[in-house]
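Residue numbers (this note's numbering): 21 to 152.
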């Protein structure tokens with residue numbers, strides 16, 4: 021019985037410690053994954069020219085005038101984006117991810133940066149620089 025306690029108590033403690041560690045990593049990764057999903061939905065909406073969906077998901081850092089909003093819609097509709105790939109998502113501060121996005125166009129590709137922030141308990145995309 022003594023041997024059993026000598027082996028089982030430390031191994032059970034280690035198992036619980038490992039389980040807590042994995043749980044913490046899972047929840048940390050959960051935010052990152054959810055932020056990436058929001059960015060994916062947003063960029064997919066841009067590519068499909070679904071301007072209504074795009075407007076709902078964008079958090080602007082400055083209020084847009086109606087002409088700026090109209091220009092943004094025109095930009096989306098005339099962009100020749102074909103595909104994209106999120107290269108990295110770095111947590112810059114709690115609830116805010118900086119993402120490096122590779123944009124594939126018909127004849128070229130370019131890199132852009134976007135920010136995904138948690139606002140009103142939803143992940144929303146903030147355009148740092150117009151995608152395109």
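Ideal Cβ placement from N, Cα and C applies to all residues, glycine included.
Bridge partners - residue i, DSSP secondary structure assignment
i	result
residue 106	121
residue 144	137
Cβ-based neighbour list, residue i, same chain, cut-off 7 angstroms, excluding 5 preceding and 5 following
i	result
residue 103	124
residue 137	79, 115, 116, 144 and 146
Residue i burial status per 10 Å Cβ neighbour count (16 or more: buried)
i	result
residue 144	buried
residue 109	buried
residue 90	exposed
residue 55	buried
residue 134	buried
Simplified DSSP state of residue i, which is helix, strand or coil
i	result
residue 132	strand
residue 113	strand
residue 151	Residue confidence is low: residue 151 scores 48 on pLDDT, short of 50, so the model does not pin down where it sits. Its coordinate-derived value is still stated next. Residue 151: coil per DSSP, three-state reduction.
Close beta carbons around residue i, own chain, < 8 angstroms, minus the five adjacent residues each side
i	result
residue 60	106
residue 52	109, 111 and 117
residue 129	122 and 123
Beta-carbon contacts of residue i that lie in its chain and below 6 angstroms, excluding the five residues immediately before and after
i	result
residue 67	101
residue 63	104
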